[in-house]
Amino acid sequence: MIVRFTGGLRPLWTFAAGLGLVAVLGTVACRSAAPPVLSPSDMKAGVASLSRPFPGDLAALYQLTVPSSGGLRLSIVTHGEAGRLTISEPFGSALSVAAWGPTTEVLDLRHGCRLDGSGRRDLFWEGHMPLAELARLLGGRLPAAAGDRIEIEPGGGVIVRGTGWSCRVTVARDPWRVTRVNGPAGTVPPSWRIRLGRHTSSLPGFLHAEWGHGKWAELKLVRLEWNTGEELPPLPDLPPCSGRE
949 MIVRFTGGLR PLWTFAAGLG LVAVLGTVAC RSAAPPVLSP SDMKAGVASL SRPFPGDLAA
1009 LYQLTVPSSG GLRLSIVTHG EAGRLTISEP FGSALSVAAW GPTTEVLDLR HGCRLDGSGR
1069 RDLFWEGHMP LAELARLLGG RLPAAAGDRI EIEPGGGVIV RGTGWSCRVT VARDPWRVTR
1129 VNGPAGTVPP SWRIRLGRHT SSLPGFLHAE WGHGKWAELK LVRLEWNTGE ELPPLPDLPP
1189 CSGRE
């Protein structure tokens, strides 16, 4: 069978050239999508922007997904330098509460006992980042609380060093926001990772954390308020968790 092209070769050549132009433009577009290199002055401006205080006390609610469950809720409230992080079942029954401030307390409400403040096995994050710094990260700031040191790397990264922990932070501009946190700083590969996205200004609407051997957790922002003016709820007086510290 013989197939005849009645339109000549010019239309085919034009079509092929058009495909080539599209490919070139696509390659240029992909290259242009790469994040710009941040200068030292840019980084200083970004660190200053992401280190400023909260506009008020934070109250936020998240949908929490872990490998064993997709229907949990996580709430976080702050009052000054103190705060509470609560993990609850879908219909409101609290499973655990962590409180920070002058001291750190972790309550296992399923078993009605108190864990040692240095061990957070019942929390989705298992204590890789201190709770005050985690609250700062969720509020759209660098994960650095009072007393932490912030260092700007020559290559554009930000190092946060606290007491007994550290991390490397990746930031982006327009607007300034945190996009990744890996820790501990200088560890290759990192033993834990956090990826943030769906930002509104600097405020992340999504967080994905990975650590350990295949452990992970995701947070999706449901609601956030500033300046609630409410005192933190008192903690129940529970006995120590015997054999679970």
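Going by the working numbering, the sequence shown opens with residue 949, and the numbers climb by one from there.
Glycine included, each C-beta is placed from N, C-alpha and C at the ideal position.
*Go through its chain and collect everything with a Cβ distance to P1181's Cβ below 6 Å, but skip five positions before and after it.*
Position 233 of the sequence shown holds residue 1181. Leaving aside the five residues that flank P1181 on each side, none in its chain has a CB nearer than 6 Å to its CB.
*L1009 bridges to which residues according to DSSP?*
Here residue 1009 is taken as the residue at index 61 of the sequence shown, counted from 1. As DSSP reads the structure, L1009 sits in a beta bridge with S1023 and R1171.
*Looking only at its own chain, which residues have a Cβ that is under 8 Å from the Cβ of D1005, when we skip the five neighbours before and after it?*
Looking up residue 1005 in the sequence shown gives position 57. Contacts found: V1025, T1026, H1027, G1028, W1174, N1175, T1176, G1177 and E1178.
*Ends of the alpha helix (DSSP H) at S1041?*
One-based indexing of the sequence shown puts residue 1041 at position 93. Neither: S1041 is in no alpha helix (DSSP H) and is coded neither H nor E.
*Relative to the alpha-carbon of G1110, which residue among A1092, I1142, S1041 and L1012 has its alpha-carbon at the smallest distance?*
Position 162 of the sequence shown, counting from 1, holds the residue named residue 1110. Out of A1092, I1142, S1041 and L1012, the CA that lies nearest to the CA of G1110 is found in A1092.
*Quick one: is V985 buried, meaning 16 or more other Cβ sit within 10 Å of its Cβ, or exposed?*
In the sequence shown, residue 985 corresponds to position 37, counting from 1. Exposed: under 16 other Cβ atoms inside 10 Å.
*In three-state DSSP terms, what is R1000?*
Taking the sequence shown and counting its residues from 1, one reaches residue 1000 at position 52. The answer is coil: DSSP assigns R1000 none of H, G, I, E or B.
*asked:* Under 8 Å: do the stretch 1002-1018 and the stretch 1114-1124 share three or more Cβ pairs, one atom per stretch?
replied: The stretch 1002-1018 makes no contact with the stretch 1114-1124, as fewer than three CB pairs between them are under 8 Å.
*Counting only the same chain and skipping the five closest in sequence on each side, list residues whose C-beta sits under 6 Å from that of E1099.*
Here residue 1099 refers to the residue found at position 151 when the sequence shown is read from its first residue. Take E1099, set aside five residues on each side of it, and the residues of its chain with a beta-carbon closer than 6 Å to its own are I1107, in chain order.
_With H, G and I counted as helix, E and B as strand and the rest as coil, what does DSSP make of P1132?_
Taking the sequence shown and counting its residues from 1, one reaches residue 1132 at position 184. Assignment of P1132 by DSSP, reduced to helix, strand and coil, places it in the coil class.
*Residues bridged to D1276 (per DSSP)*: As displayed, the chain neither begins before 949 nor continues past 1193, which places residue 1276 out of reach and without an answer.
*Taking the CB atoms as reference points, tell me whether P1038 and R1021 lie closer together than 8 Å.*
Stepping through the sequence shown from its first residue, residue 1038 is reached at position 90. Stepping through the sequence shown from its first residue, residue 1021 is reached at position 73. Cβ distance < 8 Å, so P1038 and R1021 count as in contact.
_Euclidean distance between Cα positions of A1030 and M1077_ = On the sequence shown, residue 1030 is found 82 positions in, with the first residue counted as 1. On the sequence shown, residue 1077 is found 129 positions in, with the first residue counted as 1. If I take the Cα positions, the gap works out to 16 Å.
*asked:* For G1160 and S1044, what's the separation of their Cα atoms in angstroms?
replied: Locating residue 1160 in the sequence shown gives position 212, counting from the first residue. Locating residue 1044 in the sequence shown gives position 96, counting from the first residue. Each residue's Cα considered, the two are about 21 Å apart.
_What residue range does the alpha helix (DSSP H) around L1079 cover?_
Here residue 1079 refers to the residue found at position 131 of the sequence shown. Counted as a single uninterrupted DSSP element, the alpha helix (DSSP H) harbouring L1079 occupies residues L1079 to L1086.
*Terminal residues of the beta strand (DSSP E) in which G1153 lies*: Stepping through the sequence shown from its first residue, residue 1153 is reached at position 205. First-last for G1153: undefined, no H or E at that position.
*Proximity below 8 Å, CB of L1144 to CB of R1062*: For the purposes of this step, residue 1144 is taken as the residue at position 196 of the sequence shown. For the purposes of this step, residue 1062 is taken as the residue at position 114 of the sequence shown. In this structure, L1144 lies away from R1062, with their beta-carbon atoms at least 8 Å apart.
*Helix, strand or coil for V994, going by three-state DSSP, please let me know.*
The residue given as residue 994 occupies position 46 in the sequence shown. Looking at the sequence itself, residue 994 is Gly, so the reference to Val does not match. Here G994 sits in helix by DSSP.
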